Structure formats: structure tokens, C-alpha cells
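Residue numbers (full-length UniProt numbering): 1 to 354.
Every residue gets a Cβ at the ideal spot worked out from N, C-alpha and C, and that includes glycine.
All values reported here derive from a predicted model rather than from experimental measurement.
Each remark here refers to the structure printed beneath this line.
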């Protein structure tokens, strides 16, 4: 009887979202139901919305944007760790260990600790699961192979910098995929970012030396460029197909990517050398990887995507410095000039979308 009276009270008055939550959450039976409805009207279309409750439309959230910045900081310190782990285990074995461990741990926590468990995947559209899952599974083998197939640790830094073109592709692909309308400032911003990569790859601004290195071993450079394209598409499609969905499928995507890497590992017949330090590094990489990809996807879907993508241009400077110190190959002046060009492009691209 009390529940009926409370529902009638909601029907009688046009209340705000916060007032609705306060009224309904007094009843444990309605707790889970109301959270789904109020936080996301479209999380499950089969559940009707409570009458006269104004659901809040999704807008860029500062908290989700902050998660994106945390993900960028994590990615700044991982390229050197990927290179070292790949040297010890092989590219596919290293990737399989990290993504299978991270994906399995994430799915286990999701199944037993979250209210909806693995049932949350029913609320995702098949386009999100298939398109974004395929792009994620393609990106992971490519980035591990690119970083570990570099002829030297110094070349691995160059390959990592090419991969950092993905912020540019996020902004470019947002126009056809998300129908964004940037100003003409986007073009100089993109050109400046590409110029920064060219400067960083050149030896004292000698383009012939850069061309010689690329010609001698083009495979890792090509893979890094594919990675940048793939991640730009993934970021935009995740927002297009899952902006209003609750939860995340990153754990599932990581598990699938780990299986793909494991299959490639069997075909490549790698001979990994395990040790206590290697297992510890793999475990640390798994934790960092799960955290970074989960935070970044939430930022792309529910935060200020343009701000996070523009801020991503700052990542090469920190990544180059940290990876250089970790790999005992400190970056030279040309690296810093190129990274500075890419960083300045962030400000221009951000202005283009205002």
C-alpha cells in the first residue's frame, strides 16, 4: 500500500531527476530498477520508464573526462614495458599473457561483484560488440608486433611515436562518424601533428636518413600506422554505438584479443623465457592495461571526447621521455622538437571544435 501511494505521489507531481531518485530509492525493491532508469533511460528498452521522471540526457562529464586523462598517463609509461616484455617472451606470448590475464580478471570481477554481472552485455547493441570488438582485437596484435619487431630499442621509440597519431584520426573520423563540425583550424592542427612525427623520425632533419630506416625495416612502421587508424575508428564507434549503454565490454574485448594473440603465438612457435621478474612485469602490465582501456573507453563514450583526444597529443612527450629512460635510450633533440610540434597541435585541434 505504501509503495502504491509513493508511485501515485510521483504521478501527481512533476519532479526533477534528483527528487525522483530520493523518492523511489527509499524502497529496496526499486533500488536497482530506479538506478538503471534514472542513469540511462535507454539502458534496457524493455523496462518502461517511471511516469513524469525527466531523465537527464548524456552530456560530457568531468569525472569521465578525468578518467581519460588517467588512461593517457598510464599509456605514457607502458611502451617501454611492452618492448622489454616482448624481448623476454616474444610479441604474441607477451600480449597473450597480458590480455588473457587482464580480461579474465575483469570478467571475473564483473560477474561476481557488479549487480548485473555478465548480463550487462545483453544491453549492448550487436554493432558495438562486433565492430568495436573486432577493431580492439585487431589493434592489440598489431601494436605488440610493431613495438617488438623494431630493429632496435631506439626504433621502437619511433614506432611508438607513429602510433600516437591516433588522436588525429579520432578527430578526423569524428566528422563522418559522429557528424561533428570543426572549423578550418583542424587542418593546420593535423598537418602540424604529422610534421611533428616527420621531424621526430628524421636524423637532424635529414629526411633521407629517416627514409632509409623506414625502407630497411618498414614492417613496424606500417603496423604502427594501422594501429593509429584502428584506434581512431574504435574510439568513435564506441561513442556512436554505446554512448548511452551502462557498463563496458572492454573486459570481453581484452579476453578476445588475448585469444587472438594466443593463436598467433602458436603459429609463430615462440620460445618464451619465464622468470619471477617477467611474471611480475606481466602482472603489472595486465593491471595497467585493464585500467587504461576501461577508463579511456568510458571517457570516449561519456566524457568530453574532443578534449581527451586533443590532450592525447601531450602523451608522446611523456611517453618518449619515460620509455627512453626505461630502455636506456634517452631521446635526442629531434625527438623533443617533434613531440613539441605534436603537443602544440593539441591546442589547435581543441580550438577547431569549439
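- Taking C-beta atoms as the reference points, residue 268 and residue 139 fail to come closer than 7 Å.
- For residue 146 and residue 166, the gap between their C-alpha atoms comes out near 15 Å.
- Rounded to whole angstroms, the Cβ separation of residue 104 and residue 255 is 6 Å, and the two are in contact under 8 Å.
- Setting aside the 5 residues that flank it on each side, residue 307 is surrounded in the same chain by 65, 350, each with a C-beta closer than 7 Å to its C-beta; the list follows chain order.
- Shown here for residue 174: same chain residues with a beta carbon closer than 6 Å to its own, the five before and five after excluded, namely 180, 236 in chain order.
- Residue 239 sits buried, since 16 or more C-beta atoms from the chains shown fall within 10 Å of its C-beta.
- By the Cβ test, the segment 181–195 is in contact with the segment 332–351, since at least three Cβ pairs between them sit closer than 8 Å.
- Taking a C-beta distance under 7 Å as the contact criterion, residue 73 and residue 85 do not qualify as a contact pair.
- Counted as a single uninterrupted DSSP element, the stretch harbouring residue 122 is not any alpha helix (DSSP H), since DSSP gives it neither H nor E.
- The C-beta distance from residue 338 to residue 199 rounds to 4 Å, short enough to fall under 8 Å.
- Sequence-distant Cβ neighbours of residue 217 in its own chain, meaning closer than 6 Å and more than five residues away, are 151.
- Nearest Cα to residue 69 within the set 335, 299, 332, 333: 299.
- Residue 253 places its beta carbon 7 Å or farther from that of residue 107.
- Closest by C-alpha distance to residue 90, out of 328, 322, 274, 132, is 274.
- The three-state secondary structure of residue 236, taken from DSSP, is helix.
- Contact between residue 303 and residue 100 does not hold, since the beta-carbon distance rounds to 28 Å and is not under 8 Å.
- The three-state secondary structure of residue 155, taken from DSSP, is helix.
- Residue 182 places its beta carbon 7 Å or farther from that of residue 314.
- Of the candidates 311, 113, 158, 333, 158 places its Cα closest to the Cα of residue 211.
- DSSP places residue 272 in the coil class of the three-state scheme, outside both helix and strand.
- A residue is called buried once 16 or more other Cβ atoms fall within 10 Å of its Cβ, and residue 189 is buried on that count.
- For the segment 277–336, the continuous alpha helix (DSSP H) assignments of 4+ residues that do not extend past its boundaries occur at 305–311, 315–326, in sequence order.
- About 23 Å separates the beta carbons of residue 112 and residue 242, which is beyond the 8 Å limit, so they are not a contact pair.
- Note on geometry: alpha-carbon atoms of residue 78 and residue 336 lie some 19 Å from one another.
- Excluding the 5 residues flanking it on each side, residue 319 has same chain C-beta neighbours closer than 6 Å at 76, 79, in chain order.
- When DSSP states are grouped into helix, strand and coil, residue 216 belongs to the helix group.
- Put simply, the backbone Cα of residue 332 is about 10 Å away from that of residue 154.
- For the pair residue 226 and residue 142, the CB atoms are nearer than the 7 Å cut-off.
- Restricting attention to 292, 222, 247, the CA atom closest to the CA of residue 115 is found in 247.
- Counting along the chain, no alpha helix (DSSP H) covers residue 244, and no H or E run does either.
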